[in-house]
Amino acid sequence: MTALDRKLWRDLWQLRAQMFAIMLVMACGVATYIMFSSTLDSLQQSRSDYYRDYRFAEAFVSLKRAPQAVAPRLEEIPGVMVAETRVTAWASVDLPGFPETITALITSLPDHGPALLNALYLRQGRSVEPGRDDEVVIDHSFAAAHQLRPGDRIPLIIKGKRRVLTIVGTAMSPEHIYQLRPGAFFPDEQRYAVMWMARTPLGYAYEMKGAFNSVVFRLDGSRSVEDVIDYADDILAPYGGLGAYARADQLSHKFLSEEFKQLDTITRIFPVIFLGVAAFLLNIVVNRLVTTQREQVAVLKAFGYSNAAIALHYIKLVLVVVALAVIVGLAAGVWLGRGLSTIYMGFYRLPYLMFVLRPSLVLNATLFTAAAATLGTLLAVRAAARLRPAEAMRPEPPARYRETLLERLGFKHALAQPTRMIFRHIGHRPFKSTLTVLGIALAGAITTTGLFQGDTVGYMMDIQYNVASREDMSLTFTEPSSRRALHELSSLPGVEYGEVFRNVPVLLRHEHRSYRTSIRGVEVGNQVKRLLDTELRPLPIPVDGVLLTDYLGDLLELRVGDLLTVEVLEGNRRVYQVPVAGLVKEYLGLFAYMDIATLNQLLGEGRAISGAWLAVDATAYGELHQRFKRTPRVASVVERTQDMQNFNRIMEETMLYVAFISTVFSCIIAVGVVYNSARIILTERGRELASLRVLGFTRGEISYILLGELALLTLAALPIGLWLGYALCGYIASTLQNELYRVPLVIDTETYAFSAAVTVAATVISALLVRHKLDKLDLIAVLKTKE
Amino acid sequence: MDTAQHTGPAVFEARGLTKVYQMGEVQVQALRGVDLDLWPGEFVVMLGPSGSGKSTLLNILGGLDVPTAGTVRYQDHDLSVYNDTALTRYRREHVGFVFQFYNLIPSLTARENVALVTEIAEKPMTPEEALRLVGLGDRLDHFPAQLSGGEQQRVAIARAIAKNPAVLLCDEPTGALDVTTGIVVLEAISRINKELGTTTVVITHNSDIAAIADRVIHISDGRVASVEHNARKLDPRELHW
Ligand SMILES: Nc1ncnc2c1ncn2[C@@H]1O[C@H](COP(=O)(O)OP(=O)(O)OP(=O)(O)O)[C@@H](O)[C@H]1O
Ligand SMILES: [Mg+2]
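Respectively, the protein sequence lines represent chains A and B. Just so you know, we're using the working numbering here: the first sequence kicks off at 689 and counts up by one. Just so you know, we're using the working numbering here: the second sequence kicks off at 181 and counts up by one.
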């Protein structure tokens, strides 16, 4: 080993505490990057394998009812490889001991052989036997939620008739990775069950004998999916076709894709913030380190070491730290990534997870960290090497301190000598002091990003469920019903108030932009379901025109007063031009709203409704559920409080996991940064402080000088950190805007308080550690060698 | 200046050397036009009051600094026009230094501090050999912080002579040493000078030491004030102060 390399290891060892702190900071950056990226890769890989292996369809259509004789025509559509007709049925499950309504969606399996498309992944038991009318395969998560096993009996109510079937297997399907029952925003594995029955018996039970109401397609690639969709719509229009759609619009796929997109965004933000901060800190620290070794650089130069050789020396030093950081970060990232993937798997019904760690991720993380570290080092070395050795080797001239502004303003005598030293030292190096402040502020800022997620979600929930949707129960019918249904509902015991709505699947168009969603017809004078304007004030339903979720307005590039093209996807399938009457603030989903009477008129139908929002007496829930279970028309019943709970559960599992990790990491970073800043101040002032000790200052007094400076810098960093935190959260919120949800920028006071507390705690911990060093300050050595 | 007794070209040839340091608004004129020739194998002692510009001149000769004006030539190298890379190579290939403030690397032992230089030199002695020459053969593995000021200075001298340089420039090499050790150190320096024909410049405040030189150059206020030849050059062992 050359003498220079020896110096490298000794320096590393001597600076081990600082280097360890920097290593941790960088490792946090690497770990977040690996965690998010590998989770995303794993989920994507698992989904695409699942789609491939279980033959997920490429186009879908639902219809009212078509005779099986139509099927060959669908198969002949150019571009179609397979067209599989099915029966899908709404039912409810009447589990003993579970009072609430459980919505079931039963899909038929071919009478002979397995499904051609959307094959089942059997988890337990077997599939149904052809023609058996008493066998059912149920969704695995639902089975697990209710501890149902093959062999158990399950009572179902199909078309009002109760029948008890035998569970023969539990399964999963690529069609139902993300499961949402009508009227809910969040998955609920207890109250929503996807099931499969043999085609013929289901046809009998659901009054679909010799007919089908759902088709799934696989394409051969010779035609575009749009062409196939147009063809299918033409064929199925007479049979109440509800508009064919591609994978991109399939509910489960769409939700998953949006979530992946979101994860992708997060993958870009958090690691970049963490790695960026880590790189910034590394730069400061390396810069200071090289600066403190200015003389050593000069000596090396004096003896003929080239600038390149010296730069390489420091780069090696930094790369050792980078290498350690990558190893630690990689290990932590993989571990956390597995954890996060498992959590996601829990509520995406994926049968298996292929954990993927792309080598390019490791390479990226290594290159980014190494590049950031090397760049910082090069800049510092360049500055040190630019000095002529003769100059660099002279003992630094006594610094030209000045009286600070405070002193010049006449406070001079109000400040004790040590206090004046603190101020002068900070004022003497305004740039360095600013960098230190900025470093501490950044560390504080990132501690807000974790908790912010919880704050904003809490706020969204509050607006969504306490201000906008205030119904106790939301009922969705299997098909449009007469308005008379409301009177029946209202007369039920316990129902205090009811409001109806009409949901019509539509394609909204404006110029070249389009979006598939539903128009909701809402009653004028609505009380429970309220629409809010952008200031979150209730907005009355206009008699003419539609209200759009504000984000949907942006998506379609529509402003109030513009004409929106509405393509109705059911019934007469007509196309209308409707003016945009206003924009609605909504954090979840994208919808259009109209006066229900106007909507009925537009559709040329009577006073049809799709469901109702009810205010219900708290004691009447159980009885109402019993009744709804037996009402064939009711497809699903969602209790508002349950939906909130489901949401909270999902948030706790995913977002809070992420929030927790980012909070832990940001605390590590905060301590790392502040500790390093403290150590740097100690390095810079060690000699001076030792001299003071020699002159008779006590330990307490010199601690005051050093730690006072640290305290002052931290104090200055606090407000900046809070402001930076606000900006950072604002940036994160601005990227969390998608079709599923829009995250508002809401930061609770507690979060700011937490951030400030972490910064202060980091300062106190660092102060204690440095204080320990100060107590051990070797007076003789400091005075004897000239650093 | 008397150059009559020398034949052949000078090793160093300085003409009109000026050095101005800019200290904020203040200009410090460290050298005010120095003309100087140094001859091959010559042992020169430089004397002068504190702040007179001795270190500045030595640093320019050693390629550690560049003059503000004037030229300085070493053999066929024009140091005054050299860039950083060329100066680095010049130092690496030709010069051995002893700095006024030792400037040892604190994280390296005595042996390693010397090795730092021998590792990049062409035909060096071993670090152990060099340290033995300055009487530190038994302190090889001590760190600078574990050495006295004088011992550190001797390590610095070992480091300078270890590479068997063509030019040896020493800034107060005996400043922190007692008579006996000072003599040991001067002996080492003078041996290098004698045996290898190394052109040697030693700055000192101690005019007694001037007796071991071929020539004594007096610097004052940034100029060469006078030059004297020693008719009889003493061996360091004959010194006492
Ligand atoms: N880097 C520098 N910046 C500013 N002034 C300098 C610098 N180096 C030297 N000087 C000034 O130049 C003058 C000559 O300095 P130099 O170090 O050459 O003196 P010296 O003769 O070696 O003195 P000493 O015997 O005290 O070492 C002094 O006034 C000194 O303050
Ligand atoms: Mg000097």
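Every residue, glycine too, gets a C-beta built ideally from N, C-alpha and C. Keep in mind that this is a model prediction, so the values were computed, not measured.
In the DSSP assignment, A/His1198 is bridged to A/Arg1201. Judged by DSSP secondary structure, A/Ser725 falls within the alpha helix (DSSP H) whose first and last residues are Arg704 to Asp741. For B/Ala295, the chain A residues whose Cβ falls inside 8 Å of its Cβ are Thr690 and Ala691, in order along the chain. A/Ala999 has a beta carbon lying at 8 Å or more from every beta carbon in chain B. Residue burial is scored here from C-beta neighbours: B/His385 has fewer than 16 other C-beta atoms within 10 angstroms and is therefore classed as exposed. Taking C-beta separations shorter than 8 Å and ignoring five residues to either side along the sequence, the partners of B/Gly221 in its chain run Asn373, Gly377, Thr378 and Thr379, following chain order. Chain A has a Cβ within less than 8 Å of the Cβ of B/Asn283. Out of A/Val1006, A/Arg1295, A/Leu1291 and A/Val1234, the CA that lies nearest to the CA of A/Leu1271 is found in A/Val1234.
Ranked by Cα distance from A/Gly785, the first of A/Phe1140, A/Tyr742, A/Ala934 and A/Pro843 is A/Pro843. The residues Met1042, in chain order, have a CB closer than 7 Å to that of A/Asp737 in the same chain once the five nearest residues on each side in sequence are set aside. Secondary structure at A/Gln1265: strand, using DSSP grouped into helix, strand and coil.
With contacts defined as CB atoms closer than 8 Å, B/Ala338 and B/Leu313 qualify as a contacting pair. Annotated as proximal: A/Gly1017 and A/Ala719, with beta-carbon spacing under 8 Å.
For A/Pro843, the three-state secondary structure derived from DSSP is strand. Around B/Ser260, no beta-carbon contact reaches into chain A at under 7 Å, the shortest distance being about 13 Å.
Boundaries of the beta strand (DSSP E) around A/Ala881: Tyr880 to Ala886.
The Cβ neighbour count for A/Thr1423, taken over all protein chains shown within 10 Å, is under 16; the residue is labelled exposed.
In the structure shown, B/Lys199 falls within a strand segment according to DSSP collapsed to helix, strand and coil.
A Cβ-Cβ distance of about 19 Å is found for the pair B/Val347 and B/Gly250, leaving them out of contact under the 8 Å criterion. Apart from sequence neighbours up to five positions away, the residues of its chain that approach B/Ala356 with a beta-carbon distance below 6 Å are Gly329, Gly330 and Gln333, ordered along the chain. Within the stretch 979-1004 of chain A, the residues whose Cβ lies closer than 8 Å to any Cβ of chain B are, in chain order, Glu983, Gln984, Ala986, Val987, Leu988, Lys989, Ala990, Phe991, Gly992, Tyr993, Ser994 and Asn995.
Exclusion of A/Lys989 from the 7 Å shell around ligand 1 follows from its C-beta lying no nearer than that to any non-hydrogen atom of the ligand. Here the alpha carbons of A/Glu788 and A/Glu1327 stand approximately 9 Å from one another.
Assigned with DSSP and collapsed to three states, B/Trp219 falls in coil, not helix or strand.
When DSSP states are grouped into helix, strand and coil, A/Pro1047 belongs to the helix group. In this structure, A/Met885 places its C-beta atom within 8 Å of the C-beta atom of A/Leu797. Contact annotation: B/Gly233 and B/Ala210 have beta-carbon atoms nearer than 8 Å. Judged by pairs of C-beta atoms under 8 Å, the stretch 227-241 of chain B touches the stretch 196-208 of chain B, as three or more such pairs exist. Counting the other CB atoms within 10 Å of its CB gives B/Asn263 a total below 16, which places it among the exposed residues. A residue is called buried when at least 16 other Cβ atoms come within 10 angstroms of its Cβ; A/Leu1383 does not meet this threshold and is exposed. Chain-ordered, the chain A residues with CB closer than 8 Å to the CB of B/Ile300 read Phe991, Gly992 and Tyr993. It is roughly 5 Å from the alpha-carbon of A/Ile855 to the alpha-carbon of A/Val824.
Every unbroken stretch of the beta strand (DSSP E) spanning 3 or more residues and falling wholly within the stretch 352-419 of chain B is given here in chain order: 379-383, 395-400 and 403-409. By the neighbour-count criterion, in which a residue is buried when 16 or more other Cβ atoms sit within 10 angstroms of its Cβ, A/Phe1119 is exposed. Nearest Cα to A/Val882 within the set A/Phe873, A/Arg869, A/Phe874 and A/Tyr894: A/Arg869. Contact between A/Phe905 and A/Ala745 holds: CB atoms are separated by about 6 Å, below the 8 Å threshold.
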